[in-house]
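Residue numbers (full-length UniProt numbering), protein chains in the order written: chain A, 1 to 313; chain B, 1 to 533.
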């Protein structure tokens with residue numbers, strides 16, 4: 001197992017290299033020029049050119065790429081063109097809010113979606129099943145920002161239970177941290193809950209028809225034990241897979257959610273950087289996201305072995 | 001006690017048990033001395049000379065002071081300067097600084113700091129460049145006196161040092177001001193009434209300013225950038241909110257105190273809230289515009305440009321931006337900001353009265369237009385340019401033009417508009433933008449009105465008559481001469497269609513009613529603003 005993990009980690013290096021080359025090339029050919037944005041409306045073409053030179057953007061592609069890769073190999077993601085702050089520091093500032101949002105969303109999803117899916121499978125064809133699956137379709141169809149605005153209107157503006165926006169670090173207290181994340185996590189989690197609930201139901205339906213479930217029932221085991229111990233464990237592989245894939249959904253959804261709830265996370269940093277053509281920041285974030293994604297896939301593979309002892313690497 | 005309080009108590013207790021961390025206790029008094037402000041845009045950098053965005057200028061006005069400040073009557077007033085003298089021939093200016101001025105690091109403000117700051121500023125600012133071109137020497141005479149010697153008189157010197165147009169002549173310590181004007185500074189030390197809390201800066205999310213205890217305000221009443229900048233607040237938090245609906249909700253919920261520029265669509269909601277005041281933010285407003293590329297057909301022919309001007313309805317453009325609120329817009333048969341001393345409608349007939357589409361079509365045909373594509377680049381991520389672009393596309397189609405509508409983002413417009421290649425080869429025929437009214441009160445900061453061909457702003461209009469009147473304004477010795485020059489300039493620029501003004505529009509600002517002292521102006525002024533609990 002350890003050698004498998006090491007091999008997989010080693011395999012991330014070429015993936016990251018390809019991502020790096022792809023992102024850099026894409027940004028190089030993309031329209032737009034950060035020097036123009038920096039120089040402002042009143043700037044002369046000469047001013048723009050001088051700024052371009054000072055940023056090193058006038059150098060040939062290979063020189064720029066080589067110097068960027070060299071810095072990356074030395075652990076330096078570069079400096080933001082606009083803020084003049086190290087990209088790693090900017091990412092560090094934004095990591096906490098995004099990580100918090102993703103963790104709370106993930107927990108919420110697992111706590112809500114898995115039981116819903118199990119119950120829907122158990123009561124397949126009943127009104128309960130239809131209500132749960134109806135909710136799943138609804139949740140899957142509603143855009144994140146619509147859910148976000150609805151939640152903010154009801155729970156923040158009308159009921160005044162929760163704040164509309166912002167983020168408070170955990171170091172300021174658990175409730176201040178959590179109260180800022182409840183609405184965004186629900187908004188972001190809707191799609192995810194719907195997806196996981198549907199997959200759980202489908203997977204459970206298949207397992208519940210297996211002979212060993214019938215045997216368990218015949219032995220007189222309780223319904224809860226059958227569903228959550230015997231059936232769910234055997235249905236877990238596809239559920240874990242979807243939860244893993246869903247992390248990519250979370251990353252994409254976080255961009256919108258963070259904008260709607262004014263959470264200073266990586267999603268907003270990405271959008272801001274793209275709109276301003278802040279190349280080092282975009283490159284740093286994409287590298288980080290791709291690394292996280294590769295890591296999540298690795299974790300899923302490892303979790304497979306925990307939920308299904310037949311799987312060995 | 002509402003449910004939120006109960007939840008807070010329960011979860012807080014549970015959370016504290018889990019984390020062992022305590023929530024900060026903010027005293028009511030401290031909360032009342034902290035203003036939470038939603039700025040117009042993200043403070044992405046904080047060098048007001050390197051980055052000329054308005055949002056940077058607005059934040060910088062708290063941190064860095066200027067030698068002179070423009071007041072609400074658009075007149076330059078002494079700010080850091082105690083006195084000035086100019087020789088009879090107008091070529092040597094001697095300035096003396098006020099005593100007791102200090103930077104945020106405790107060092108005194110000296111003439112050498114001013115010299116370095118003006119040197120950096122004059123390399124980037126259009127008026128500064130003009131002074132630099134005339135400069136013989138700029139030297140520190142002693143710690144509080146400095147001298148600017150010119151080869152020729154520059155009558156608008158005090159205006160240049162006082163103006164609120166970006167970049168302003170902010171004074172920095174010498175060691176910082178010696179930074180290449182095309183590179184960013186890394187220290188944010190000023191001598192203004194507020195200090196920048198660099199440690200709390202999260203670009204794109206938050207910027208914090210703290211009261212500078214050693215600031216020595218002038219004794220006069222504050223008026224825009226002039227007078228006594230008395231701070232009633234200890235702390236100002238800028239909270240960036242990219243989504244206007246979120247900002248509106250946060251203001252209604254009391255999570256922020258002042259929203260600089262709510263969008264017109266949300267203003268009715270805010271006006272209904274009894275805890276919120278809404279008023280015009282900047283009386284100098286904005287001028288909508290689209291620019292035609294004078295280098296390529298069809299708009300290299302003045303008849304084609306005039307045809308478009310003749311057909312356009314400013315009301316259509318303005319309603320697309322501000323909706324049905326008639327208090328927010330005015331027709332603008334000219335180029336200069338309404339209700340300012342130099343406003344002129346001379347030569348504005350082409351933009352007045354009923355629009356004559358048939359006459360415009362006839363003139364367009366006379367220009368030789370024969371259906372070639374007109375590349376119209378429109379930034380969709382800016383509500384104003386999107387609205388302007390949609391109206392223009394419809395107008396051009398009604399004129400019988402073949403519109404190549406390029407929907408893109410502002411970053412792309414910014415680089416594409418600089419292309420002088422033909423429209424089919426990466427260039428363009430039209431793009432939309434708008435100008436702050438404060439930049440259009442006279443020709444000094446008004447780059448968009450210049451018509452010196454290759455050196456002009458994007459579109460590269462070449463109108464010697466317009467340029468002649470710009471020069472006349474610079475040489476004018478009194479207001480009457482200035483007005484006469486501007487009248488002639490307005491006519492010449494309209495005759496040659498330097499660009500197409502699409503109307504004058506205003507925007508609101510909104511704040512909680514427990515905040516007082518907010519004044520109308522081209523930027524948010526925080527001195528004199530206070531907040532009750």
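Ideal placement from N, C-alpha and C gives every residue a C-beta, glycine not left out.
TODO: Determine, using beta carbons only, whether residue 96 of chain B and residue 83 of chain B come nearer to each other than 8 Å.
DONE: yes
Task: As assigned by DSSP and simplified to three states, the class of residue 376 of chain B - done: Three-state DSSP puts residue 376 of chain B in a strand.
- [ ] Could you tell me whether any Cβ in chain A is nearer than 8 Å to the Cβ of residue 241 of chain B?
- [x] yes
Task: residue 104 of chain B (DSSP reduced to helix, strand or coil) - done: coil
- [ ] Have a look at residue 25 of chain B and residue 34 of chain B and give me their C-alpha separation to the nearest angstrom.
- [x] Note on residue 25 of chain B: pLDDT 42, under 50, position unreliable in the model; the coordinate value appears next. Between residue 25 of chain B and residue 34 of chain B, the C-alpha separation is close to 14 Å.
TODO: Could you tell me whether any Cβ in chain B is nearer than 8 Å to the Cβ of residue 268 of chain A?
DONE: At a cut-off of 8 Å between C-beta atoms, residue 268 of chain A counts as an interface residue with respect to chain B.
Open item on the list: If we define contact as Cβ-Cβ less than 8 Å, is residue 277 of chain A a contact residue for chain B?
Closed with: Look at residue 277 of chain A: its C-beta is under 8 Å from a C-beta on chain B.
Open item on the list: Determine, for residue 146 of chain B, whether the minimum Cβ-Cβ distance to residues of chain A falls below 8 Å.
Closed with: no
Task: Beta-carbon proximity list for residue 176 of chain B, same chain, < 7 Å, skipping 5 on both sides - done: 185, 187, 189
Task: Residue from B:418, B:505, B:258 with nearest C-alpha to residue 518 of chain B - done: Measuring from the Cα of residue 518 of chain B, the nearest candidate turns out to be B:258.
Open item on the list: So residue 380 of chain B and residue 409 of chain B are supposed to be a Cβ contact under 8 Å. How far apart are they, rounded?
Closed with: 7 Å
Task: For residue 136 of chain A and residue 195 of chain A, the rounded distance between their alpha carbons - done: Whole-angstrom Cα-Cα distance: 7 Å.
Open item on the list: Tell me the residue span of the alpha helix (DSSP H) that contains residue 157 of chain B.
Closed with: Counted as a single uninterrupted DSSP element, the alpha helix (DSSP H) harbouring residue 157 of chain B occupies residues 157 to 162.
Task: Chain-order list of residues whose beta-carbon lies under 8 Å from that of residue 111 of chain B (same chain, five-residue window excluded) - done: 97, 140, 141, 142, 143, 144, 145, 146
- [ ] Specify whether the stretch 192 to 208 of chain B and the stretch 58 to 67 of chain B touch according to this definition: at least 3 beta carbon pairs, one from each stretch, less than 8 Å apart.
- [x] yes
Open item on the list: I'd like to know whether the C-beta of residue 84 of chain A is nearer than 8 Å to at least one C-beta of chain B.
Closed with: yes
Open item on the list: Residues of chain A with CB closer than 8 Å to the CB of residue 237 of chain B, please, in chain order.
Closed with: Here the premise fails: no neighbours, minimum Cβ distance about 11 Å.
- [ ] Less than 8 Å between the CB atoms is what I'm expecting for residue 264 of chain B and residue 323 of chain B, so what's the real figure, rounded?
- [x] 5 Å
TODO: Tell me whether residue 20 of chain B sits in a helix, a strand or coil according to DSSP, three-state version.
DONE: Note on residue 20 of chain B: pLDDT 34, under 50, position unreliable in the model; the coordinate value appears next. DSSP places residue 20 of chain B in coil when its eight states are reduced to three.
Task: C-beta contact flag for residue 18 of chain A and residue 284 of chain A at 8 Å - done: no
Open item on the list: If we define contact as Cβ-Cβ less than 8 Å, is residue 128 of chain B a contact residue for chain A?
Closed with: No, residue 128 of chain B lies away from the interface with chain A (no Cβ there is under 8 Å from its Cβ).
Task: Residues of its chain near residue 193 of chain A, where Cβ-Cβ distance is below 7 Å and the 5 sequence neighbours each way are ignored - done: 109, 112, 113, 139
Task: Nearest-angstrom Cα separation, counted from residue 347 of chain B out to residue 534 of chain B - done: An answer regarding residue 534 of chain B cannot be provided, because it is not within the stretch 1 to 533 covered by chain B.
Open item on the list: Once the 5 residues before and after residue 201 of chain B are set aside, which same chain residues still bring their CB inside 6 Å of it?
Closed with: Cβ within range, chain order: 207.
Open item on the list: Once the 5 residues before and after residue 534 of chain B are set aside, which same chain residues still bring their CB inside 8 Å of it?
Closed with: Outside the shown range of chain B (1 to 533) lies residue 534 of chain B, about which nothing can therefore be said.
Task: Where residue 124 of chain B falls: helix, strand or coil (DSSP) - done: Correct three-state label for residue 124 of chain B: coil.
TODO: Quick one: list the residues of chain B neighbouring residue 87 of chain A, beta-carbon separation under 7 Å, in chain order.
DONE: The premise fails here: residue 87 of chain A is roughly 11 Å from chain B at the closest Cβ pair, so nothing lies under 7 Å.
- [ ] Can you tell me which of the three DSSP states residue 77 of chain A falls into?
- [x] coil
Open item on the list: Between the stretch 156 to 174 of chain B and the stretch 66 to 84 of chain B, can you find at least three pairs of beta-carbon atoms closer than 8 Å?
Closed with: yes
TODO: Look up residue 517 of chain B in the DSSP assignment and say whether it is helix, strand or coil.
DONE: Three-state result, residue 517 of chain B: coil.
Open item on the list: If we define contact as Cβ-Cβ less than 8 Å, is residue 29 of chain A a contact residue for chain B?
Closed with: no
Open item on the list: Would residue 336 of chain A pass as an interface residue toward chain B - the criterion being a Cβ-Cβ separation below 8 Å?
Closed with: Since the displayed chain A opens at 1 and closes at 313, residue 336 of chain A lies outside it and no answer follows.
Task: residue 291 of chain B beta carbon less than 8 Å from that of residue 458 of chain B - done: yes
Open item on the list: If the criterion is Cβ atoms closer than 8 Å, does the pair residue 286 of chain A and residue 23 of chain A meet it?
Closed with: yes
Open item on the list: If the criterion is Cβ atoms closer than 8 Å, does the pair residue 79 of chain A and residue 87 of chain A meet it?
Closed with: In this structure, the beta-carbon distance from residue 79 of chain A to residue 87 of chain A falls below 8 Å.
Task: Beta-carbon neighbours of residue 51 of chain B, restricted to chain A and to distances below 8 Å - done: 38, 40, 82
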